[in-house]
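Have a look at the structure below before the remarks.
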C-alpha cells in the first residue's frame, strides 16, 4: 500500500472517535490532509481548537441533516461561528425512511446554509444527499452560484444523470471505499471525471478490517481508484492533490 503522506481524507468525523485529540494527532502524524467535519455546531469550538494546532487537519462547521429534527434551532449557533472557517459540513439532506419526516425542516436548514455561504463567499461545503440528490442539487442551483462557493458531494449515491447534473453545477465528489465496493454505483462512478474526485474515509462510520477507518486508510481508496481507472496509485494520489488545490484555489 502507498504511503499515506500527502493523501486527502476530505470527510472524517474525528470528534466521534473515542479520543478526539488522539484522532487529530494521528491524522497529523500520518500527513493526511483531513477535513474534520462536525454534526452539530456545539462540537465546533473543540474541533476548531484542535485543528488549529496542526498543519494537515482542518475543521468544518456542520449541522447534520439526521439531527435537524431535534436541533434545527442550533442554526443560530451555526450562524455565529460561520465567519471562523472556510469549511462547512456535514450539511445536506437525508430522505431515508428514518429521517423523511424532517425533510421540510432539513430543506429549511440547508437552504439557509447555502444562502449564508453565498453571502460570505468562498466556502467549501461537504454535502450529504442520501435519497435526496435531486432536491440537494435543486437547492444548490437556486441558492449557491458556482462563483460564490464550492460543493463536494460526500458519499454520493445518486443516479448517473444526477451525477452529470452535479458536474454541470461545478460540484466535486469525495469517494470512499463503500462507494467503490458497491457494484450498483459503478455506472455513476464512471461518470465522474478524475479531475472532480477527492477521497474520503467517513470514519468512524466505515471500517478497515475489524476497526473503524482512520484518515491513513484513505490509501486503500486511492489504490482502488487506481485499479478502476487503470492508473498507478501514485498518479491517482497526485491527481487528488491537484483537485484539492483547484478546489481551494
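Residue numbers (the working numbering): 15 to 263.
Backbone N, C-alpha and C define an ideal beta-carbon position, used for all residues, glycine too.
- The three-state reading of DSSP puts residue 69 in coil, since its state is none of H, G, I, E or B.
- Comparing alpha-carbon positions, the option among 206, 196, 159 lying closest to residue 176 turns out to be 206.
- Taking residue 222 as the centre and dropping the five residues before and after it, the same chain places the C-beta of 231 closer than 6 Å to its C-beta, in chain order.
- With respect to the 8 Å criterion, residue 140 and residue 24 are classified as neighbours on the basis of their beta carbons.
- When Cβ pairs closer than 8 Å are counted between the two stretches, the segment 149-163 is seen to touch the segment 173-187, the count reaching three or more.
- Under the DSSP assignment, residue 170 falls outside any beta strand (DSSP E); it carries neither an H nor an E label.
- Under the criterion of beta carbons closer than 8 Å, residue 73 and residue 50 qualify as touching, at roughly 5 Å.
- Residue 53 sits close to residue 78, with the two beta carbons spaced by under 8 Å.
- When the alpha-carbon of residue 67 is set against those of 36, 76, 55, the nearest one is in 36.
- Comparing alpha-carbon positions, the option among 233, 261, 200, 198 lying closest to residue 211 turns out to be 261.
- Within the segment 33-107, complete alpha helix (DSSP H) segments of at least 4 residues are found at 34-44, 58-66, 82-85, 89-95, given in chain order.
- Inter-segment contact for the segment 101-120 and the segment 140-150 is present: three or more beta-carbon pairs are separated by less than 8 Å.
- Exclusion of the five residues before and after residue 199 leaves 171, 193 as the residues of its chain whose Cβ lies within less than 8 Å of its Cβ.
- Sequence-distant Cβ neighbours of residue 201 in its own chain, meaning closer than 7 Å and more than five residues away, are 174.
- In this structure, the CA atom of residue 248 is about 7 Å from the CA atom of residue 16.
- Around the beta-carbon of residue 19, fewer than 16 other beta-carbon atoms lie within 10 Å, marking it exposed.
- Selection 168, 97, 228 evaluated against residue 147 yields 168 as nearest (Cα-Cα).
- By the CB criterion at 8 Å, residue 92 and residue 55 fall inside the cutoff.
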